[in-house]
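Q: Okay, handing you the structure first.
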Amino acid sequence: MNVDRDKQLKEFAVEQHGYYRGKIEVTPKCWVQNLEDFSVWYTPGVAAVCNKIVEDKDKVFDLTLRWNTIAVVSDGTRVLGLGNIGPEAALPVMEGKALIFKYLGGVDAIPICLNTTSEDKIVEIVKILEPSFGGINLEDIESPKCFSVLDRLKQGLTIPVWHDDQQGTATVVCAGLINALKITNKKMNEVRIAMIGTGAANYCVERLITTAGVDERKVIMVDSKGILNTLREDLRRSSSYKWQLCLKTNSEGREGGIAEALEGADVCIAMSRPGPGIIKKEWIKAMNDKAIVFSCANPVPEIWPSEAVEGGAYVVATARSDFPNQLNNSLVFPGTFRGALDARSKGISDGMCLASANEIAKMAEEKGISPNYIVPTMDEWEVYPREAAAVAHQASVEGLARRRLSKDEELENAHKIILTSRRKLDKLKEAGLIPRRQ
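In the numbering used here, the protein residues as written are 5 to 442.
Structural data, given as structure tokens:
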């Protein structure tokens, strides 16, 4: 994307947001023919519904919107590509997330931007909100707070809690890695992986790809001060998650920076800071043959794909849609939540994320993977019900599902829900109820 095109896109986005004044709204889904119908939907009829839930709290999932409604929660402290911009400025992003949830996953999502950056208050508020939602999607919360917020809520709630910047990113990267290794004829448990950046995304990526079979000892991680190793006294003193990575990764005790981490590596997974120039093509040349380079910083990758190829990379992926192999978590969260909600799962485990990653990779493989196609694109919407089926099944296998569904049952169910959601939008456009501004 050139500079002029980027400027035009941003100007157009502002105009469109001003025209529609928001991207989502609440509309009725029940039949209302006249005012007498409100005696069913509201008083006095609704009292009988309330009493059913008093008798059995789980009936709330059968009798209200809770079965299909999640909260997209953010404090606006780490909005992708923008940083700490506050809750008001973060709202357009959370609303966009909600739009994607509905269109691609059939999930009703409510943006909730909090006017607090306190970890304790965020946890308290989300716990208080739990009775109204079937799941929680944490979004754009700064590190390291995002780790503890996620952990505390996963332990404290009985509904799925997910941090998309961690689990969503990890899932799509894992899917891409599965197919990139097939293309390069390399094995998961044998490859050497250099991970550039140790924030929320790569922290969770490391954990998930290890679950998928990567030998953790062959992983080398790099933060802003260099390679993580047991000689890092600054990390030893902090007792942070980075120190735990020092103990588990880099068994050879390698020191240095990005260049040294990439030497002899098969895979580079970069999620650090916007480039270009963070990774140099000379460093890619020092990687092994048929190198795999995932350069995922936004809005500009750590190294341009063309430079990575010049350096010898065989498979290159970014987070951008204007290059091949977009590793975007939008490929993950709609389908994953669809499956978790339908199974009424108590959480979203690493096993469920891995099931989603495997299904994403499988669909791309069925279509025919190549160096320029390792995961489906977002417009290949059939991937979402397939993910949902895989996730719901895994929730049942792990004993997390309150509602047991076979893969075939959930595939049919998710396909119907997602297709209905897409058709509703199409019908509203056709009827002129959603006008198009040129």
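Just so you know, even glycine gets a beta-carbon here, dropped at the ideal spot from N, CA and C.
(1) Quick check on the burial criterion: 16 or more other C-beta atoms within 10 angstroms. Buried or exposed for Val58?
(2) Give me whichever residues DSSP pairs with Ile197 in a beta bridge.
(3) Give the secondary structure of Val58 by DSSP, where H, G and I count as helix, E and B as strand, and everything else as coil.
(4) Run the CB neighbour count on Phe298, radius 10 Å, all protein chains shown included, and call it buried at 16 or more, exposed below.
(5) Assuming the contact rule is C-beta atoms closer than 8 Å, Asn333 and Thr173 should be a hit. Round their C-beta distance to whole Å, please.
(6) From this set, Thr202, Leu415 and Arg277, which residue's C-alpha is nearest Lys247's C-alpha?
(7) Can you tell me which of the three DSSP states Ala51 falls into?
(8) State buried or exposed for Gln398, treating a residue as buried only when at least 16 other CB atoms are found within 10 Å of its CB.
(9) Any chance you could list the alpha helix (DSSP H) runs of at least 4 consecutive residues sitting entirely within the region 304 to 353, in chain order?
(10) Count the other CB atoms within 10 Å of the CB of Ile197; is the residue buried (16 or more) or exposed (fewer)?
(11) Measuring alpha carbon to alpha carbon, tell me which of Cys117, Ala301, Cys208 and Asp383 ends up nearest Arg324.
(12) Which partner residues of Cys117 appear in the DSSP bridge assignment?
(13) Looking at the secondary structure, which residues open and close the beta strand (DSSP E) in which Leu142 lies?
(14) Where Trp308 and Asn141 are concerned, what is the direct C-alpha to C-alpha distance, given to the nearest angstrom?
(15) Whether or not the region 264 to 273 and the region 237 to 245 are in contact is what I'm after, with contact meaning three or more pairs of Cβ atoms, one per stretch, closer than 8 Å; do they touch?
(16) List the endpoints of the continuous beta strand (DSSP E) containing Ile89.
(17) May I ask you to verify whether the region 141 to 153 touches the region 250 to 269, counting CB pairs closer than 8 Å and requiring at least 3?
(18) Using three-state DSSP, classify Val64 as helix, strand or coil.
(19) Measuring alpha carbon to alpha carbon, tell me which residue in Cys34, Lys411 and Lys252 is nearest Ala359.
(20) Would you list, in sequence order, the uninterrupted alpha helix (DSSP H) runs of no fewer than 4 residues that lie entirely inside the region 122 to 168?
(21) To test your reading of the DSSP string, which unbroken alpha helix (DSSP H) runs of 4 or more residues are found completely within the region 355 to 401?
(22) For Ala290, which of helix, strand or coil comes out of DSSP?
(23) Mind the definition here: the region 107 to 126 touches the region 419 to 433 only if three or more C-beta pairs lie below 8 Å; say whether that holds.
(24) Take every Cβ of the region 348 to 359, pair it with every Cβ of the region 306 to 321, and state whether three or more of those distances are shorter than 8 Å.
(25) Which class does Val97 belong to by DSSP, given the choice of helix, strand or coil?
(26) What does the alpha-carbon distance come out to for the pair Arg156 and Val127?
(27) Quick one: grab the DSSP three-state call for Val83.
(28) In whole angstroms, what separates the C-alpha of Asp293 from that of Lys222?
(29) In or out: Tyr207 buried (at least 16 other Cβ within 10 Å) or exposed?
(30) In angstroms with no decimal places, state the Cα-to-Cα distance between Ile116 and Arg406.
(31) Measure the CB-CB distance between Gly100 and Lys27 and report whether it falls below 9 Å.
(32) Spell out a yes or no on whether the region 363 to 379 and the region 86 to 104 are touching, meaning 3 or more CB-CB pairs, one atom from each, closer than 8 Å.
(33) Could you check the C-alpha separation between Asp79 and Ala347 for me, to the nearest Å?
(34) What do you reckon, are the CB atoms on Ser147 and Arg211 nearer than 9 Å?
(35) Can the beta-carbon of Phe151 be found closer than 9 Å to that of Thr73?
(36) So, using beta-carbon positions, are Ile262 and Ile283 closer together than 9 Å?
A: Here's the rundown:
(1) exposed
(2) Val223 and Val271
(3) The three-state reading of DSSP puts Val58 in helix, counting H, G and I together.
(4) buried
(5) 5 Å
(6) Correcting the residue identity first, residue 247 is Trp in this sequence and not Lys. Of Thr202, Leu415 and Arg277, the residue nearest in Cα terms is Thr202.
(7) helix
(8) buried
(9) Runs found: 309 to 314 and 337 to 346.
(10) buried
(11) The option with the nearest alpha carbon to Arg324 is Ala301.
(12) According to the DSSP secondary-structure assignment, Cys117 is paired through a beta bridge with Ser78.
(13) Unbroken beta strand (DSSP E) run through Leu142: Gly139 to Leu142.
(14) 31 Å
(15) Using a Cβ-Cβ distance cut-off of 8 Å, the region 237 to 245 and the region 264 to 273 are not in contact, since fewer than three pairs of beta carbons, one from each stretch, lie closer than that value.
(16) It is not in any beta strand (DSSP E) - Ile89 carries neither H nor E in the DSSP assignment.
(17) no
(18) helix
(19) Lys411
(20) 123 to 133 and 149 to 160
(21) Within the region 355 to 401, the alpha helix (DSSP H) runs of at least 4 residues that lie entirely inside it are, in chain order, 387 to 401.
(22) Ala290 falls in the coil class under three-state DSSP.
(23) yes
(24) no
(25) Residue state for Val97 is assigned as helix, using DSSP reduced to three classes.
(26) Arg156 and Val127: Cα-Cα distance of roughly 7 Å.
(27) strand
(28) 17 Å
(29) buried
(30) When rounded, the distance between both Cα atoms is 26 Å.
(31) In this structure, the beta-carbon distance from Gly100 to Lys27 falls below 9 Å.
(32) Output reads no: the region 86 to 104 does not touch the region 363 to 379.
(33) 29 Å
(34) Cβ distance not < 9 Å, so Ser147 and Arg211 don't count as in contact.
(35) no
(36) Yes.
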